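Just so you know, the sequences run in chain order A and B. With my numbering applied, the first sequence corresponds to residues 1 to 148, in that order. With my numbering applied, the second sequence corresponds to residues 149 to 538, in that order. For reference, the structure is listed below as C-alpha cells.
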Amino acid sequence: MSETTATPADAGGRPPKPRPAPALDPDTAAYYGAAREGRLLVQRCSACGAAQLYARDRCLRCRGEVDWVEASGRATVYSFTVIRQNYQRPFRDQLPYVVALVDLEEGPRVMTNIVGCDPDDVRIGMAVQARLEPVSDDAGIALFEPAS
Amino acid sequence: MNAKNRRRPVIAGVATSDYPYLPELSEHGVHGQVADRALADAGLGLAEVDGFATAGFFPMYAVGVAEYLGLRPTYLDETNTGGSSFEVLVEHAAYAVEAGAAEVVLVTYGSTQLSQMGRRLGTGGGGRGAGMPGPAVHDALWGNTLVGNYAMAARRHMFEFGTTPEQLAAVAVTMRDHAVHNPQAQYRDPITVEDVVGSRLVADPLHKLDCCVISDGGAACVVTTAERAADLPKEPVHILGGAHASTHHLNLSAMGELTTTAAALSGPAAFARAGITPADVDVAQLYDSFTITVVLTVEDLGFCAKGEGGAFVEDGGLGLGGRLPTNTDGGGLSSCHPGMRGMFLIVEAVRQLRGECGPTQVPGARVAVAHGTGGVLSTGATLVLGKEAP
C-alpha cells in the first residue's frame with residue numbers, strides 16, 4: 001500500500017485517482033470527521049459501558065445511548081489478506097497490499113490497511129498502531145502500521 | 149393421502165439452462181429457457197403457474213421477470229440473500245403451497261454475468277460502496293475484494309485450526325473430478341493439489357483455483373403439493389425442511405468470528421425441521437464460491453466438528469464414495485457459477501434423489517442437502533430434500 005492517499009499516474013498516463021472517501025450520514029460523520037482531525041473515536045454505551053464500531057444510533061448490546069470516546073489507537077491483527085489482484089483504481093496501482101481486520105484495544109473490530117511494512121511480514125496477533133489520514137475535506141480514515 | 153399429506157411440498161420439475169457461455173441470450177431469455185424446461189420436466193404449462201419467485205439485483209425484479217414470462221402470479225417472492233437466495237425462495241415456496249397460498253410455484257434463476265461483464269467482475273473492491281451514505285461505507289474503503297473477505301476467513305481458520313492450503317485445494321480437486329463427467333462444465337481437465345497451490349495467489353491464502361468460475365447460466369424448479377405431483381410424470385422430491393440465517397451484510401468486520409458462518413444457525417434448524425441428523429445425509433450440494441466456503445460449511449452443518457473441516461475434505465472426502473459426496477456436477481469451482489448459484493444446488497440435489505446423475509450418481513441416495521452461502525459469508529440457507537415423504 002502506498003504511503004499516501006493518492007496514487008501515482010497509471011500506465012495510461014491518467015492523473016492519480018484518490019482512494020475512496022466515505023459518504024457521510026448522521027451516524028458516521030462524527031467518526032470520520034474526527035479521523036480527519038487525527039483522532040480515532042469509538043462509541044461507548046452510557047448504560048452498559050460496551051464499546052462499538054461502526055457507529056450506530058444506539059448500543060448494540062442494550063440499546064442504550066452512546067457517547068464518543070477517544071481510542072488509544074493500539075490494536076491487534078485478527079486476520080488479514082494480501083490483495084494481489086484488483087482491477088479497480090486506485091488500488092490496482094498499489095498491488096500487493098494488505099487488507100486486515102484489527103481488534104482495537106477498546107474492543108471493536110475494524111477493517112483497515114496495514115501499511116509501513118512488507119505485506120509478507122504481517123501476522124495474526126501482530127500489534128499495530130493507528131495512523132490517521134485525511135481522505136476528503138470532511139473525512140479521514142484509520143490505517144494501521146506495526147507498533148514501534 | 150390425508151389432508152395434511154396432500155399439501156406436503158414437493159419439487160415436481162427441475163432444469164438447468166445451457167451453460168457456461170450464452171452470448172446469444174439475454175438475462176431474461178435465460179429465465180425463459182429454464183422456465184420452459186422446468187415446466188416441461190414437471191409436465192406442466194405456464195398457464196398452471198400461480199406463484200413465481202426469483203432473485204436479482206434491483207427492486208421488483210421478480211415482478212419484471214414475471215412480466216417477461218407473461219405470468220400474472222398471485223404469489224410472488226424476490227427475497228435476496230445473495231448466493232443463498234434460491235434456497236430461501238424454495239423454502240418460502242414450500243410454506244406457500246403447504247399453507248394453500250399457491251398451487252404451483254415456478255422458481256427461476258438467470259444470469260449472463262460472463263457475457264455482460266466478463267471475468268474481471270470477480271474482484272470488485274474499487275470502493276464504489278463508499279459513495280453511498282449508510283453502513284456499507286465502512287468496509288468499502290480499503291480496496292478489499294470479494295475474494296479478500298473469504299481469504300481472511302481462510303487465514304483465520306488456518307491460524308486457529310492448522311488448516312493447510314493443500315486441504316483447501318482438495319476441495320477444488322474433487323469438484324474438478326466431478327466436472328470431468330459433466331459435459332457442460334466450464335472446466336473439465338483434471339487438476340491436482342499441486343496445480344491449485346501452484347496457481348497464482350489472488351488474495352492470500354486463496355489461489356486462482358481456490359476461486360469459483362464466472363459463467364452465464366440459469367436453473368429452475370417447480371414447487372407444488374404432493375397431491376398435485378401424484379399426477380405428474382416425474383418422481384416428486386420432497387422438501388423435508390429448510391431454514392436460513394444472516395450474520396452481517398457487506399461489513400465483514402461485523403461478522404464476529406470468521407470461522408463460524410450463518411450455516412451454524414440455518415443447518416441445525418433445517419435438520420430439526422426435517423427430522424434428520426447430518427448422518428442421514430447421502431449427498432450434499434454446498435455453495436463453493438471458494439474452497440474455504442465448503443470447509444466452513446461442512447463444519448457448520450455438523451458433518452464434522454469445528455476445526456476438522458480441512459481433514460474432512462482431504463483425501464477425496466467430498467468425492468463419490470467419500471465421507472460426503474458433494475457438488476456432483478462439478479460445483480461453482482469447475483462447472484458453472486453465474487453469480488448466485490443456489491438454484492443449481494437444488495437442481496443437482498433433485499437429480500441425485502431421482503437417480504439421474506449417471507457417472508456421478510450416489511447409489512441409493514435418499515436424503516440430500518442443498519446449502520447456499522451469500523454475500524461475504526453473510527447469509528446461509530439450508531434445504532433438506534428427500535426421496536420419500538417424511
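For glycine and all other residues, C-beta sits at the position ideal for the given N, C-alpha and C. Quick caveat, the model's predicted, so the values are computed rather than measured.
Assigned exposure category for Asp352(B) - 16 Cβ within 10 Å defines buried: Within the second sequence, the letter at position 204 stands for residue 352(B). The residue is buried, with at least 16 neighbouring Cβ atoms inside 10 Å.
Note down, in chain order, all residues in the region 14-41 of chain A with a beta-carbon under 8 Å from any beta-carbon belonging to chain C. The structure shown contains no chain C; its protein chains are A and B.
Contact defined as beta carbons within less than 8 Å: I believe Ala51(A) pairs with Arg58(A). What is the distance between those atoms, to the nearest angstrom? For the purposes of this step, residue 51(A) is identified with residue 51 of the first sequence, where counting begins at 1. For the purposes of this step, residue 58(A) is identified with residue 58 of the first sequence, where counting begins at 1. Going by Cβ atoms, the distance from Ala51(A) to Arg58(A) rounds to 14 Å, so no, they are not a contact pair.
Do Ala378(B) and Ser414(B) come within 7 Å of each other at the CB atom, strictly closer than that value? For the purposes of this step, residue 414(B) is identified with residue 266 of the second sequence, where counting begins at 1. For the purposes of this step, residue 378(B) is identified with residue 230 of the second sequence, where counting begins at 1. Going by C-beta atoms, Ser414(B) is not nearer than 7 Å to Ala378(B).
List the endpoints of the continuous beta strand (DSSP E) containing Ala351(B). Here residue 351(B) refers to the residue found at position 203 of the second sequence. Start and end: 349-351.
Taking 7 Å as the threshold (C-beta atoms), are Val442(B) and Leu354(B) in contact? Taking the second sequence and counting its residues from 1, one reaches residue 354(B) at position 206. Taking the second sequence and counting its residues from 1, one reaches residue 442(B) at position 294. Contact check for Leu354(B) against Val442(B) fails: the beta carbons are separated by 7 Å or more.
Segments of 4+ residues assigned as alpha helix (DSSP H) that fall wholly inside the region 410-496 of chain B: Segments of the alpha helix (DSSP H) lying fully in the region 410-496 of chain B: 411-422, 439-448, 457-461.
Quick test of the definition: if touching needs 3 or more C-beta pairs under 8 Å, does the region 133-142 of chain A touch the region 166-181 of chain B? At 8 Å Cβ cutoff, the stretches do not touch.
Can you list, in chain order, the residues of the region 280-308 of chain B whose Cβ is nearer than 7 Å to any Cβ on chain A? Flagged, chain order: Met280, Pro281, Gly282, Pro283, Val285, His286, Asp287, Ala288, Leu289, Trp290, Gly291, Asn292, Thr293, Gly296, Ala299, Met300, Arg303, Arg304, Phe307.
I want to see whether chain A comes within less than 7 Å of Asp448(B), judged by CB atoms only; does it? Along the second sequence, one-based indexing puts residue 448(B) at 300. False, the Cβ-Cβ gap to chain A never drops below 7 Å.
So which residues on chain B does Thr112(A) lean against when the C-beta distance must stay under 7 Å? Within the first sequence, the letter at position 112 stands for residue 112(A). Going along chain B in sequence order, the residues near Thr112(A) (Cβ under 7 Å) are Trp290.
Judging by CA-CA distance, which residue of Leu194(B), Thr229(B), Ala163(B), Phe451(B) is the nearest neighbour of Glu215(B)? Working through the second sequence from its first residue, we reach residue 215(B) at position 67. Comparing Cα-Cα distances from Glu215(B) to each of Leu194(B), Thr229(B), Ala163(B), Phe451(B), the minimum goes to Leu194(B).
Could you check the C-alpha separation between Ser526(B) and Glu239(B) for me, to the nearest Å? The residue labelled residue 526(B) in the question sits at position 378 within the second sequence. The residue labelled residue 239(B) in the question sits at position 91 within the second sequence. Straight across, the Cα-Cα distance linking Ser526(B) with Glu239(B) is about 18 Å.
Partner residues on chain B for Val66(A), Cβ-Cβ distance less than 7 Å: Translated into positions along the first sequence, residue 66(A) becomes position 66. The contacting residues do not exist; Val66(A) stays about 15 Å from chain B at best.
So what does DSSP say about Thr322(B), is it helix, strand or coil? Numbered from its first residue, the second sequence carries residue 322(B) at position 174. Here Thr322(B) sits in helix by DSSP.
Please confirm whether Val128(A) has its beta-carbon closer than 7 Å to some beta-carbon of chain B. For this step, residue 128(A) is matched to residue 128 along the first sequence. Interface with chain B (7 Å Cβ-Cβ cutoff): Val128(A) is excluded.
So Glu444(B) and Ala301(B) are supposed to be a Cβ contact under 8 Å. How far apart are they, rounded? Numbered from its first residue, the second sequence carries residue 444(B) at position 296. Numbered from its first residue, the second sequence carries residue 301(B) at position 153. It should be pointed out that residue 444(B) corresponds to Leu in this sequence rather than to Glu. Right, their Cβ atoms sit about 7 Å apart.
I need the DSSP call for Glu226(B), collapsed to helix, strand or coil. One-based indexing of the second sequence puts residue 226(B) at position 78. In this structure, Glu226(B) counts as coil in the three-state DSSP scheme.
In its own chain, which residues sit with a C-beta less than 7 Å from the C-beta of Val344(B), not counting the 5 before and 5 after it? In the second sequence, counting from the first residue as 1, residue 344(B) sits at position 196. Within the same chain, Val344(B) has close Cβ partners Ala317, Ala320, Val321, His355, Leu357, Asp358.
Report yes if the C-beta distance between Val182(B) and Ala163(B) is below 7 Å; otherwise report no. Looking up residue 182(B) in the second sequence gives position 34. Looking up residue 163(B) in the second sequence gives position 15. In contact: Val182(B) and Ala163(B) (Cβ atoms closer than 7 Å).
Within its chain, find whatever has a CB closer than 6 Å to the CB of Met1(A); leave out the 5 residues flanking it on each side and keep chain order. In the first sequence, residue 1(A) corresponds to position 1, counting from 1. With a pLDDT of 42 at Met1(A), under the threshold of 50, the modelled position of this residue cannot be trusted, and the question is left open.
Return yes when the Cβ of Pro171(B) is within less than 7 Å of the Cβ of Gly365(B), no when it is not. As a working mapping, residue 365(B) is identified with position 217 in the second sequence. As a working mapping, residue 171(B) is identified with position 23 in the second sequence. Gly365(B) places its beta carbon 7 Å or farther from that of Pro171(B).
Check whether chain A comes within 7 Å of Ala320(B), counting only Cβ atoms and requiring the distance to be less than that. Here the question's residue 320(B) lines up with position 172 in the second sequence. Not one chain A Cβ lies under 7 Å of Ala320(B).
Is there a C-beta anywhere in chain A that falls below 7 Å from the one on Ser129(B)? Nothing about residue 129(B) can be reported from this structure: the residues present for chain B run from 149 to 538 only.
With a threshold of 7 Å between beta carbons, is Arg109(A) in contact with chain B? Start at 1 with the first residue of the first sequence, and residue 109(A) comes out as number 109. It does: the Cβ of Arg109(A) has a partner Cβ on chain B nearer than 7 Å.
Looking at the structure shown, is Val255(B) part of a helix, part of a strand, or coil, going by DSSP? Against the second sequence, residue 255(B) aligns to sequence position 107. Here Val255(B) sits in strand by DSSP.
Per-residue DSSP class, three states only, for His396(B): Position 248 of the second sequence, counting from 1, holds the residue named residue 396(B). Coil, per DSSP.
Curious, which full-length alpha helix (DSSP H) runs of at least 4 residues does the region 11-80 of chain A contain? DSSP assignment within the region 11-80 of chain A yields the following whole alpha helix (DSSP H) runs of 4 residues or more, N-terminal first: 29-36.
Leaving aside the five residues before and after Asp287(B) along the sequence, list all residues of the same chain whose C-beta is less than 7 Å from its C-beta, in chain order. In the second sequence, the residue the question calls residue 287(B) occupies position 139. In its chain, beyond the 5 residues on either side, Leu398, Asn399, Leu400, Ser401 have a beta carbon closer than 7 Å to the beta carbon of Asp287(B).
Cβ of Ala317(B) within 7 Å of any chain A Cβ: Here residue 317(B) corresponds to residue number 169 of the second sequence, with the count starting at 1. Residue-level contact by beta carbon fails for Ala317(B) and chain A, as no gap is shorter than 7 Å.
Spatial distance of Arg36(A) from Lys454(B) (CA atoms): Locating residue 36(A) in the first sequence gives position 36, counting from the first residue. Locating residue 454(B) in the second sequence gives position 306, counting from the first residue. If I take the Cα positions, the gap works out to 42 Å.
Cβ neighbour criterion (16 or more within 10 Å) applied to Pro381(B): Reading the second sequence from its first residue, position 233 is the one you call residue 381(B). Pro381(B) counts as exposed, since fewer than 16 other beta carbons sit within 10 angstroms of its beta carbon.
Measure how close the beta-carbons of Val110(A) and Val102(A) come, nearest whole angstrom, since I'm counting them as under 8 Å. Along the first sequence, read from residue 1 onward, the residue named residue 110(A) stands at position 110. Along the first sequence, read from residue 1 onward, the residue named residue 102(A) stands at position 102. Val110(A) to Val102(A), Cβ: 6 Å. Contact.
On the three-pair Cβ rule with 8 Å, is the region 464-475 of chain B touching the region 203-213 of chain B? By the criterion of at least three beta-carbon pairs nearer than 8 Å, the region 464-475 of chain B is not in contact with the region 203-213 of chain B.
Locate the alpha helix (DSSP H) running through Gln181(B), then write down its first and last residues. Position 33 of the second sequence, counted from the first residue, corresponds to residue 181(B). Counting along the chain, the alpha helix (DSSP H) containing Gln181(B) begins and ends at 175-190.
Ordered list of beta strand (DSSP E) runs contained in the region 100-136 of chain A, each at least 3 residues: Positions of the beta strand (DSSP E) runs, each at least 3 residues long and wholly inside the region 100-136 of chain A, are given as 109-114, 127-134 in order along the chain.
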